[in-house]
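Structure record follows, encoded as structure tokens.
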Amino acid sequence: MIKRVEVNYRGIFQKNLGKFIGGDIVQIASRMGKVAFSNGRYSDSPERNGIPCKYFAFVSPDLSEEELEAECGAKLDIDEADVSVVVDDTMVKGVEPWGWHGVRAINEKVREKGCLLVVSRHGHDQLLKFVPKKPFSYRLALVEGDASFAGLWVNKDDLTRERVLGAIAAVDPGIISIEAVEAYLLERTKERHRAEAARAAYDATLRSTRIIKAGEGADWAHEIPRLPTWKEFEDLGVAVPAVPRGFKMGPRGQARNDAFKRGTTKSHRPVVRFDLCIKCTLCWYDCPDECFDPTDDGLYDVNYEVCVGCHKCAEVCPVPECIVMVDELKFDNNDSPWEHHKRDPQGYITWAEDKKGTERIHYPHVTGTGMEIRQGKFVPPKQEKGGAAAEAKA
Amino acid sequence: MATVVQETNVWARDALLNGCQAVAQAVRLADVDVIAAYPIRPYTEVMDALSKIIADGELDSEYIVADSEHSQFEIVKHASSVGARAFAGSSGTGWMYGFEALVVTATDRLCPLFVVGNRALDDPGAFGVEHNDALALRDMGWLLCWASTAQEALEHVLIGYRIAEDQRVLMPMALAMDGAFLTHSQHMVKVPSQEAVKRFLPPYNLGKRRLHPDNPVSIAPQVNEDWVMELRRQNWEAARRARTVIPKVYESFNDIFGPRYANPFFDEFMCEDAEVVLVGLGAVAMPARTAVRRLRERGKKAGYVNLRWFRPFPTEQLRATLGRMKGVGVIDRNFAHGSPDNGGIVVQDIRSCLYPLTQRPAVTDFIGGLGGRDISIDDCMRMLEITFEAAAGKQRDELVTWIGLRE
């Protein structure tokens, strides 16, 4: 018997989290006398910020290492998963890891009676608005929490790693047992709170697991692209046709690459209050992915299909509350916000403010002079972190 | 496949390591003196792991980040000439960029060890495995072998240095491992103890060839037609002697670490009574073995030969094993366009090796897994079936079948 776990994570931001969870499963399973190994989906590399990626762990109680490797070792992706872990819940809207792969369902690999395990603060019903139907029943389990984001070389030590291990033990003890998770964490770190966090997540996950019936979930609109045969390369060889040149004013006015939209990269999207816009052009000018479409009335529409949620526009916008980043799961389509605004200006304001809510996402700046600029204003750095540059400015 | 034997004083610990990290651990155990690094995926993680090992104080070594692969390889060549045990590695086009340095390392009879994380050659850009990078060494007077697990990769750094530095050999050693499937897969690996490694791997001693103030020599002067042919001839002799040194080194390894390797040159999987076998290098052994097992369940006498050493080519040993077969299917994860059968590189050597036999098996070739595409269990079963057909005398239009290609 082989158990397969996949960890769906955000490229770079959660790279170490995914790798650690995969490696932890191998070590815990080995301590339980099982055979296991772990690898990443190599096609994901080199990872880009936020791109949906995967890490795998394979565990068997009865096969030899050689047999387990023979079955699982030289494959780029898995055919089915006993547990699909999702460490950023916005990926339930679909994942598009690279061009020509298409937007794939987050539960694509979950097998019958398997489990989709999501780190989220949203409930089952909210997630099922996006998770597509399957022809058989499976389980949806939740680990309450935010997406744990860090960076290329670091892991944010917020216990997500430990809690996910506890949750995996809850949804499939045939992979790792909670006792083995606790023993491993205690021995490796000598810190009791880590084992306790795993146990608490284990208990909570047992309570949060829900059976999803066949046909329950969202309709799925995305098709898997057909890849070309070798004969189709005879004309151009390694050269591929460029994205056609072209530009017109208005929504979706710019020619873009249809084979890779990258929109599933985002955890947050910018919501624009067009009535506050001073037409300074900065969002359009600074957007690294050219997501803003100029309109005839001097505004800039957002194409959410290609926006990766990088926050740049919200950072550079000089008008307070004009561009605000909002949790991607609050939206169920990629429609043009500018068209909404033109159709119903007052209704759009109400809608935008409802989405924006009152909480604001702020990330501390990590480079530069010790000053940060947020919505046109210098924000003084915190004293304890300011350093010499900040003291000079002060 | 070889199995790990537990011996308390020989293995220090079990550790979770991927193929790159396993190689780095072996470099630590081999107490390498000079490491030159230049990043290219998938090799990069080897240099990352080594820099951490050095920063953690676990290895005292010169660690030089070069400006390119060419400088990187020149640095270890020179280090090797003064008697330093040296290590470098690369992948794909980076490896090819340093090729001038690789060629002279062999003609100078210097013996650093290089790891090649196999990667497709550009263009187009691709990170996945393809064997053309390492196979480009095949005519250059190098030792060239493939590891197919992280454990084997670790052990073959030690085995590799021992063979390369043997006074009868003195050849550079390339240890190839499949990008992704081996370099980036995390396994529980048994790490040998330093004492056991010391028993197995003596210090590097270049003897009279060593460049040193106490031993003034000039290496590689301009000689033109007067000397070249004689120098090539002694290179030839060393490569031929390596064939007899290699089994002795494995014997010594097995003595210390347990019976790890029954056959130094290749692993035989279910070959004893086999009628048809596939031959491949590296990670394709994984699906191929499962395919063999499945065909055996149907009563078909299939087998798999996991070819480890490609240079020196184990001619006699392969002749003995493959000569018993009715059919041999060669899996080429490489290309040799325009070669005699328009097949891959490995099939040419296998066919040449079998040619002197009066009773020759039918040999057929498969090109697959290029650029890192998976070779599935089903693909391997299909290859076995085609090889069975060839063995039964079914005429095919071409010797070569492309596997997993979108037609």
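Protein chains in written order, with our numbering: chain A, 473 to 866; chain B, 861 to 1267.
By construction, the Cβ of each residue, glycine as well, lies at the ideal position given by its N, Cα and C atoms.
Only a predicted model underlies this, so the values are computations on that prediction, with no experimental measurement involved.
Per DSSP, the continuous beta strand (DSSP E) segment holding residue 742 (chain A) begins and ends at 740-744. Sixteen is the threshold: since fewer than 16 other Cβ atoms of the shown chains lie within 10 Å of the Cβ of residue 805 (chain A), the residue is exposed. DSSP, reduced to helix, strand and coil, places residue 759 (chain A) outside both helices and strands of the structure shown, so it counts as coil. Secondary structure of residue 794 (chain A) (DSSP, three-state): coil. Under DSSP, residue 649 (chain A) shares a beta bridge with no residue. For residue 481 (chain A), the enclosing beta strand (DSSP E) has its first and last residue at 475-482. Per DSSP, the unbroken alpha helix (DSSP H) holding residue 813 (chain A) starts and ends at 809-815.
Unbroken beta strand (DSSP E) stretches of 3 residues or longer found wholly inside the segment 902-928 of chain B: 922-925, given in chain order. Rounded to the nearest whole angstrom, the C-alpha separation of residue 586 (chain A) and residue 678 (chain A) is 14 angstroms. Short of 6 angstroms from the beta carbon of residue 808 (chain A), and not among the five residues preceding or following it, lie these beta carbons of its own chain, in chain order: 723, 773. Closest in alpha carbon position to residue 692 (chain A), among A:791, A:578, A:521, A:513, is A:578. The residue from A:627, A:672, A:764 with its alpha-carbon nearest to that of residue 614 (chain A) is A:672. Here the segment 1075-1092 of chain B does not lie against the segment 901-917 of chain B, with fewer than 3 beta-carbon pairs under 8 angstroms apart.
With fewer than 16 other Cβ atoms inside 10 Å of its own Cβ, residue 708 (chain A) counts as exposed. Around the CB of residue 506 (chain A), 16 or more other CB atoms lie within 10 Å, so the residue is classed as buried. Two segments are said to touch when three or more pairs of C-beta atoms, one from each, lie closer than 8 angstroms; by this definition the segment 913-921 of chain B does not touch the segment 1040-1060 of chain B. The C-alpha of residue 1174 (chain B) is placed about 27 angstroms away from the C-alpha of residue 1156 (chain B).
Contact note: residue 1048 (chain B) reaches chain A through 498, 499, 502, 507, 508, 509, 537, using a C-beta cutoff of 9 angstroms and chain order.
Residue environment analysis places residue 881 (chain B) among the buried positions, since at least 16 neighbouring C-beta atoms fall within 10 angstroms of its C-beta. Put simply, the backbone Cα of residue 713 (chain A) is about 11 angstroms away from that of residue 705 (chain A).
CA-CA distance, residue 1185 (chain B) to residue 1170 (chain B), rounds to 20 angstroms. Residue 662 (chain A) is classed as exposed because its beta carbon has fewer than 16 other beta carbons within 10 Å across all chains shown. Note on the segment 557-582 of chain A: there is no whole beta strand (DSSP E) run with a minimum of 3 residues.
DSSP places residue 1033 (chain B) in the strand class (E or B) of the three-state scheme. For residue 1267 (chain B), the chain A residues whose Cβ falls inside 9 angstroms of its Cβ are 701, 702, 703, in order along the chain. No Cβ of chain A is located within less than 9 angstroms of the beta carbon of residue 1195 (chain B). By the C-beta criterion, the segment 983-996 of chain B is judged not to be in contact with the segment 1116-1125 of chain B, since fewer than 3 inter-stretch pairs fall below 8 angstroms. Closest by C-alpha distance to residue 698 (chain A), out of B:1011, B:869, B:1266, is B:1266. Around the beta-carbon of residue 833 (chain A), fewer than 16 other beta-carbon atoms lie within 10 Å, marking it exposed. The contact set of residue 983 (chain B) on chain A, defined by CB atoms closer than 8 angstroms, consists of 710 in chain order. In this structure, DSSP gives residue 1098 (chain B) a helical state, which the three-state scheme calls helix. Chain-ordered listing is empty here: chain A has no CB closer than 9 angstroms to the CB of residue 1158 (chain B), the nearest sitting near 17 angstroms.
Under the DSSP definition of a beta bridge, residue 611 (chain A) partners with A:587, A:683.
Counting only residues of its own chain and dropping the five nearest sequence neighbours on each side, residue 901 (chain B) has a CB closer than 6 angstroms to the CB of 987. Contacts with chain A (Cβ-Cβ distance below 8 angstroms) from the segment 950-970 of chain B involve no residue at all. The beta-carbon separation of residue 1131 (chain B) and residue 1163 (chain B), rounded to 4 angstroms, stays under the 8 angstroms limit for a contact.
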